[in-house]
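Engineer:
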Amino acid sequence: MTQSLKDSSFNHNDRKDMEDLEKRKTIESFTLMDDIFMRLVFEEKSCTEYVLQVLMNKKSLKVKKQYVQKDLPNLYGHSLLLDCFCEDDQGNLYNIEIQNTSQDAGPKRARYHAALLDIHYLGKGEDFTHLPESYIIFITDKDIFKAKKQLYHIERKIEEIGADFQDGSHILYFNTDCKQDNTLGNLAKDFHRENPEEMQSKILSKRVALLKSRRLDKKGEQKMNLVLEQYRQKAFREGIEEGMEKGMEKGVESGKQRMALLMGILAEKGRVEDIKKAAGDKLYLESLLSEFGL
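Its first residue numbered 1, the sequence shown is counted upward by one per residue in full-length UniProt numbering.
#1: Buried or exposed for I158, going by 16 or more other Cβ atoms inside 10 Å?
#2: If you scan the stretch 200-236 from start to end, which runs of the alpha helix (DSSP H) of 4 or more residues do you find wholly inside it?
#3: Is the stretch 23-43 close to the stretch 212-229, with three or more CB pairs under 8 Å?
#4: So, with DSSP's three-state summary, where would you put C47?
#5: Fully enclosed by the stretch 29-86, which alpha helix (DSSP H) runs are 4 residues long or longer?
#6: Which residues share a DSSP beta bridge with T140?
#7: Say whether the stretch 116-124 touches the stretch 69-79, bearing in mind that this needs 3 or more beta-carbon pairs closer than 8 Å, one atom from each stretch.
#8: Just tell me which of L261, K202, G185 has its CA closest to the CA of Q150.
#9: Using the Cβ count rule (16 or more neighbours within 10 Å means buried), how would you classify F165?
#10: Since I believe D83 is in contact with E97 (beta carbons under 8 Å), could you give me their beta-carbon distance rounded to a whole number of angstroms?
#11: Suppose you measure from the CA of Y284 to the CA of L266; what does that come to, to the nearest Å?
#12: Assuming D181 and L204 make a contact with CB atoms under 8 Å, what is their CB distance in whole Å?
#13: Taking Cβ to Cβ, would you say I139 is nearer than 8 Å to Q99?
#14: What residue does the alpha helix (DSSP H) around H120 start on, and which one ends it?
#15: May I ask you to report which of helix, strand or coil DSSP gives K157?
#16: Roughly how many angstroms separate the alpha carbons of T129 and F174, rounded to a whole number?
#17: With distances taken between CB atoms, is the gap from I144 to N95 smaller than 8 Å?
#18: For a quick check, are the C-beta atoms of D177 and M33 less than 8 Å apart?
#19: Within a Cβ cutoff of 7 Å, which residues of the same chain sit near K148, ignoring the five residues on either side of it in sequence?
#20: Cβ atoms of A278 and S288: under 8 Å apart, would you say?
#21: Taking 8 Å as the threshold (C-beta atoms), are L55 and V63 in contact?
#22: I need the DSSP call for D181, collapsed to helix, strand or coil.
#23: Does DSSP put D190 in a helix, in a strand, or in coil?
#24: Taking 8 Å as the cut-off, decide whether the C-beta atoms of L61 and E49 are in contact.
#25: Relative to the C-alpha of I154, which residue among A114, D127, G125, I161 is closest?
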């Protein structure tokens with residue numbers, strides 16, 4: 001009986017050590033391209049300010065106020081939850097979004113973000129001339145326009161005379177897949193780096209290092225645990241959707257069930273990196289299914 005209790009205690013401690021290890025591995029794997037982690041990094045205003053200074057090519061730019069996960073409700077249609085919304089000291093508005101798929105970064109999504117931003121800024125009966133300059137900034141994992149540019153500026157034009165429409169609405173796409181040896185390229189590299197010591201920006205590096213360290217206070221630890229849980233849930237949803245899609249392509253109902261079971265197990269164990277890797281690597285997916293006897 002005593003031996004059984006010892007074994008039980010050992011197994012419990014062993015499981016906890018494994019969970020802590022998986023948690024640490026997941027935290028260390030985060031980059032600024034993970035939108036949930038990026039929001040936590042951007043809670044430090046100086047990080048948002050630095051990114052905007054680089055993208056806008058304006059070192060004097062100062063962020064006056066900002067909101068992470070800003071809710072823009074729409075009673076008559078689709079609401080939005082913005083990754084980062086801020087205003088500079090000149091009254092210009094910025095919405096920064098991490099977009100890891102071409103579908104999520106489509107032109108009509110950018111158009112809708114700009115429209116809803118205008119709706120929420122202009123008060124009832126207020127003159128349209130009070131609308132500020134607004135910038136929708138999509139930070140993308142891939143070059144969705146395939147023109148090998150670092151930064152794409154989208155502006156409305158008057159076609160017949162080739163002049164700017166000057167409505168104050170601007171859309172920018174920052175292509176982090178283009179990593180040239182310049183300021184924009186260095187920022188693109190920083191968005192993909194897991195190790196803060198390898199980051200070019202001291203401002204971003206300091207913030208990321210703190211969040212990935214074991215020196216967080218109780219409040220910081222709670223925030224990081226929330227990020228982990230949100231990330232697991234997101235990876236779980238995406239994994240199931242991926243599995244269902246693959247299952248339907250093959251016409252095999254059991255394929256959907258196996259994928260759902262696998263994603264549930266991996267999410268429970270905190271193996272987020274495995275979920276991400278399995279989504280794009282068929283051989284790795286098969287090895288995971290085999291590992292858990294699925």
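Just so it is clear, CB atoms sit at the ideal spot from N, CA and C, and this is done for glycine as well.
Structural biologist: Checking against the coordinates, here is how it stands:
#1: Answer is exposed; the Cβ neighbour count stays below 16.
#2: Complete alpha helix (DSSP H) runs here, min 4: 202-212.
#3: Touching, yes, given that three or more Cβ pairs across the two stretches are closer than 8 Å.
#4: Residue state, collapsed to three classes: helix.
#5: DSSP runs (the alpha helix (DSSP H)) wholly in the stretch 29-86: 35-41, 45-55.
#6: Listed as beta-bridge partners of T140 by DSSP are Q99, N175.
#7: When Cβ pairs closer than 8 Å are counted between the two stretches, the stretch 116-124 is seen to touch the stretch 69-79, the count reaching three or more.
#8: Of the candidates L261, K202, G185, the residue whose Cα lies closest to the Cα of Q150 is G185.
#9: Per the 10 Å Cβ criterion, exposed.
#10: Contact annotation, E97 with D83: C-beta distance approximately 5 Å; criterion of less than 8 Å satisfied.
#11: Those two C-alpha atoms are separated by around 13 Å.
#12: About 18 Å separates the Cβ atoms of D181 and L204, ruling out a contact at the 8 Å cut-off.
#13: For the 8 Å CB-CB criterion, I139 and Q99 form a contact.
#14: Membership of H120 in the alpha helix (DSSP H) is indicated by the continuous run 107-121.
#15: Of the three classes helix, strand and coil, the one that applies to K157 here is strand, per DSSP.
#16: In this structure, the straight-line span from the alpha carbon of T129 to that of F174 is close to 29 Å.
#17: No.
#18: No, they are not a contact pair.
#19: Same-chain partners within the cutoff: C178.
#20: Going by the sequence as given, residue 288 is Leu instead of Ser. Result yes, Cβ atoms of L288 and A278 sit closer than 8 Å.
#21: Cβ distance not < 8 Å, so V63 and L55 don't count as in contact.
#22: It is coil, neither helix nor strand.
#23: Helix.
#24: Contact flag set, yes.
#25: Among A114, D127, G125, I161, the Cα nearest to that of I154 belongs to A114.
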